[in-house]
Amino acid sequence: MSMLPFDEKAARHFQRVYSTPDVVQQRAEVLALLAPQPGERVLDVGSGPGFLVASLADAVGAAGAVHGLDPSGPMNAVARDLIGTRPWARIDDGDAEELPYPDGAFDAAVSTQVYEYVADIPRALSELRRVLRLGGRALVLDTDWDSVVWHAADRQRHRRIMAAWEEHLVHPHLPCTLPGHLRRAGFRVTGRHLIPLFNPRYEQNTLSAMNMELIARFVAGRQGLTEADADAWMADLRERGAEDDYLFSLNRYCFLAVAE
Ligand SMILES: C[S@@+](CC[C@H](N)C(=O)[O-])C[C@H]1O[C@@H](n2cnc3c(N)ncnc32)[C@H](O)[C@@H]1O
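Here it is in structure tokens:
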């Protein structure tokens with residue numbers, strides 16, 4: 315079954331979701347861990363709406379260079395708009411499995427919430443290693459969908475919805491295997507970090523409230539679920555919210571590595 319399409323609707327969705335305090339905080343933690351320095355050349359693989367490219371560009375300054383790369387035209391259009399006034403940052407069309415850069419082109423590379431959508435992980439990570447200089451740093455962050463905790467009254471329906479949602483990407487449980495993949499691609503893993511996302515209340519400007527709608531649209535018609543099932547699931551979660559009985563959490567797993 316087809317995964318989530320990164321079309322114009324998705325680009326607008328991710329632009330809003332990645333502006334929530336949940337994801338702003340995640341980005342701040344990623345930046346602190348990668349610690350980009352003035353003058354560095356940095357790559358963001360799967361740059362999406364471009365928020366991280368903009369922050370990286372501000373960190374490396376005009377003496378540095380930042381490339382965002384993404385295969386999605388609509389995502390790249392949003393990202394180019396966002397980084398507009400920083401000529402040392404650019405967004406390239408391309409795929410993680412075949413990076414359009416020479417060997418050793420970057421001092422550091424980052425990829426958040428991307429490899430889980432990429433079919434050939436060994437190939438993509440060996441590409442990542444190739445474009446980094448010896449001693450260059452990589453930061454890779456992905457979600458394990460086994461880590462989701464979401465309070466629904468109808469647990470059975472909730473489990474069916476979550477199972478169908480796993481079809482939205484290629485690797486719903488990538489993080490456990492990432493350290494091994496990184497080592498085999500020629501990296502030394504130097505850091506492992508957990509970034510939890512926690513919504514203890516139902517509020518509109520949160521990751522879970524916004525993604526609930528994306529999930530409902532995606533799962534309807536999959537694994538025997540109907541639109542009515544998806545609507546009833548959302549109504550269930552919102553009712554938990556109305557009763558101040560809401561709880562959502564999800565873990566991001568973040569790995570730092572050095573190119574050997
Ligand atoms: C969930 S979004 C994350 C965007 C961005 N990294 C962020 O955290 O703000 C996933 C992104 O991965 C991109 N993507 C999917 N498959 C890809 C591939 N094979 N190579 C590079 N990027 C890919 C999508 O187009 C989308 O922009």
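When the letters of the sequence shown are read in order and numbered with this note's numbering, they come out as residues 315 to 574. Each residue gets a CB set at the ideal place from its N, CA and C atoms; glycine is no exception.
Burial is judged here by how many other beta carbons sit within 10 angstroms of a residue's own beta carbon; residue 425 has at least 16 and is buried. Annotation for residue 511: the continuous beta strand (DSSP E) segment containing it runs 501 to 513. Between ligand 1 and residue 366, a heavy atom-to-CB distance of less than 7 angstroms is present. Taken atom to atom, the span from the alpha-carbon of residue 476 to that of residue 568 is near 22 angstroms. Counting the other Cβ atoms within 10 Å of the Cβ of residue 445 gives 16 or more, which makes it buried. Put simply, the backbone Cα of residue 483 is about 30 angstroms away from that of residue 418. Residue range 420 to 426 is occupied by the beta strand (DSSP E) that includes residue 424.
Residue side-chain check: residue 499 keeps its Cβ at 7 angstroms or more from all non-hydrogen atoms of ligand 1.
Within the segment 395 to 469, complete alpha helix (DSSP H) segments of at least 4 residues are found at 435 to 445, given in chain order. For residue 374, the enclosing alpha helix (DSSP H) covers residues 365 to 374. The shortest CA-to-CA distance from residue 508 to any of 375, 457, 469 is the one to 457. Under the three-state reduction of DSSP, residue 565 is assigned to strand. The segment 384 to 393 and the segment 354 to 367 touch, with three or more beta-carbon pairs separated by less than 8 angstroms. By the neighbour-count definition (other C-beta atoms within 10 Å, threshold 16), residue 574 is an exposed residue. For residue 359, no alpha helix (DSSP H) run applies; the uninterrupted beta strand (DSSP E) run containing it begins and ends at 355 to 359, by DSSP. Looking only at 387, 428, 401, 323, the smallest Cα-Cα distance to residue 375 is reached by 401. Counting along the chain, no beta strand (DSSP E) covers residue 538, and no H or E run does either.
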